[in-house]
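Be aware that the sequence shown starts at 7, since it is given in our numbering, and climbs by one per residue. Yeah, the Cβ is synthetic: ideal placement off N, Cα and C, and Gly gets one too.
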Amino acid sequence: MQRSLVTSDHEIFRASFDRFLDACVVPRWDEFERDGVVDRSVWKEAGAAGFLALEVPVEFGGGGSDDFRFNAVIGEQTNARVLRGFGITLHNDIVVPYLLRLGTPEQQRRWLPGMVSGEIVAAIAMTEPGAGSDLTGISTRARRTGSGYVVNGQKTFITNGQTADIVITAVRTGDDPYRGLSLLVLERGMPGFTRGRNFDKIGMHAQDTSELFFDNVEVPAENLLGEENLAFTHLVDNLPRERLSIAVGAVAAAEQALASTIEYVRQRTAFGKRLADLQNTRFVLAELATQTRMVRLFVDDCVKRHNDGELGVDEAAMVKLACTENQVRVVDRCLQLHGGYGYMSETMIGRMWRDSRPQTIYGGASEVMKHIIGKSLVG
């Protein structure tokens, strides 16, 4: 499909990123999946190649790009090539904007150069055992002291949880459900900040997803990100971009699932003819291709609107809902067309099926997206 969204510059960038994946990630992917984490050396290699924190200003070592289409290329390729365990999109698309938008000059000098080079890997911690999509349920508490805060509590399902050197952490600093949340940057090595197990997930095995524990962690006041008690607003402001990032990857994965399945059914025979010659196969692929073309047009429009500063909360919820639900449906039905081979973990479609399932859960579950959309329609 010819896309008006991307230019030759973006395609050159895509080819360069693919070469990086071929050289530094793909040859070691089985190792990373066994270990449950992408080796730190890959982050440094990505930084050296210019693929981390693309928007960071030149003064901090970044490229200073304000074009999200380059971020989208990275998300598309890691998803299409079933390398989603590499948490680069979380680092680039989700954490970096918090520091650019809310960070003080001193905070930006401390952390952004390392995020560009790969010396610093970042994470964001919102989810707790008792608080998922409902941010008002956050109970990890930060008590104000003379020099900062003392943090106690627990986070769970944190992407980059084992690897991260800094974690933007949502904490409760007041009793009001909405105006009682703040963001603190916790750093590796702070006494009382420990990491629990690296979860054994159904898929995305190379991505470290962890519990984090805070036991009287002393956090200096200068690690407060944004204004105290205004984190709910900060989080809501950044969620549209996070949901767009997820949607971008979802469409790329669905397109790749279709492409590999079309190639398979052209070669595979059953009942004396190619699978591609059976009416059911053609009808299934026709439906999936049509739906995927529709969400491709939708997500590309949302990327453009985000670049123009026009992407709203309701639109981001719509695109995340539409694209991830389509991804799960497409991958599942493509696996069905592969038959038993599709359920083998050495096949692309098998790995894609296992890795696609959480797309409708994290970043706001589909049910939450429907709630947001419905509220925007009827109040």
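A direct Cα-to-Cα measurement between residue 35 and residue 44 gives close to 8 Å. Judged by DSSP in its simplified three-state form, residue 110 adopts coil rather than helix or strand. If you draw a straight line from the Cα of residue 189 to the Cα of residue 249, it comes to about 20 Å.
For residue 154, the enclosing beta strand (DSSP E) has its first and last residue at 154-165. In this structure, the straight-line span from the alpha carbon of residue 313 to that of residue 380 is close to 25 Å. Using a Cβ distance threshold of 8 Å, residue 321 and residue 228 do not count as a contacting pair.
Contact between the segment 202-217 and the segment 326-338 is absent: fewer than three C-beta pairs spanning the two stretches fall below 8 Å. A contact is defined here as three or more CB-CB pairs under 8 Å, and the segment 118-138 meets this definition with respect to the segment 163-179. Cβ-Cβ separation between residue 55 and residue 26: approximately 5 Å, consistent with a contact (criterion under 8 Å).
In this structure, DSSP gives residue 380 a helical state, which the three-state scheme calls helix. Residue 244 counts as buried, since no fewer than 16 other beta carbons sit within 10 angstroms of its beta carbon. Taken in chain order, the complete alpha helix (DSSP H) segments of 4 residues or longer contained in the segment 37-110 are 46-54, 74-86, 102-108. Taken through DSSP and simplified to helix, strand or coil, residue 364 comes out as helix.
Taking all protein chains in view, the Cβ of residue 277 is surrounded by fewer than 16 other Cβ atoms within 10 Å, so the residue is classified as exposed.
Taking all protein chains shown into account, residue 181 has fewer than 16 neighbouring C-beta atoms within 10 Å of its C-beta and is therefore exposed.
Contact annotation, residue 295 with residue 264: C-beta distance approximately 6 Å; criterion of less than 8 Å satisfied. Ranked by Cα distance from residue 20, the options 87, 225, 187, 183 are led by 87.
With fewer than 16 other Cβ atoms inside 10 Å of its own Cβ, residue 8 counts as exposed. With 16 or more other CB atoms across the displayed protein chains lying within 10 angstroms of its CB, residue 355 is buried. Between residue 198 and residue 166, the C-beta spacing is not below 8 Å. Using a Cβ distance threshold of 8 Å, residue 333 and residue 260 count as a contacting pair. Scanning 267, 22, 350, 304 for the CA closest to the CA of residue 328 turns up 304. Taking 8 Å as the upper bound for CB-CB distance, residue 251 and residue 95 are in contact here, some 6 Å apart. In this chain, the alpha helix (DSSP H) harbouring residue 18 covers 14-26.
Under DSSP, the beta-bridge partners assigned to residue 191 are 174. Listed in chain order, the non-local C-beta contacts of residue 72 below 7 Å within the same chain comprise 61, local neighbours out to five positions each way being set aside. Assigned with DSSP and collapsed to three states, residue 356 falls in helix. Residue range 215-226 is occupied by the beta strand (DSSP E) that includes residue 221. Rounded to whole angstroms, the gap between the alpha carbons of residue 323 and residue 279 is 43 Å. Boundaries of the beta strand (DSSP E) harbouring residue 204: 199-204, taken from the DSSP string.
Close CB contacts of residue 97 within its chain, under the 6 Å cut and outside five residues either way in sequence, are with 128 (chain order). When secondary structure is reduced to three states using DSSP, residue 144 falls in the coil class, being assigned neither helix nor strand. Between residue 17 and residue 254 the beta-carbon gap is near 16 Å, outside 8 Å, which marks them as no contact. The beta carbons of residue 164 and residue 218 sit about 6 Å from each other, so the pair counts as a contact at 8 Å.
For residue 126, there is no enclosing beta strand (DSSP E), as DSSP gives it neither H nor E.
Non-local C-beta neighbours of residue 136 in its own chain, meaning closer than 7 Å and more than five positions away in sequence, comprise 143, 145, ordered along the chain.
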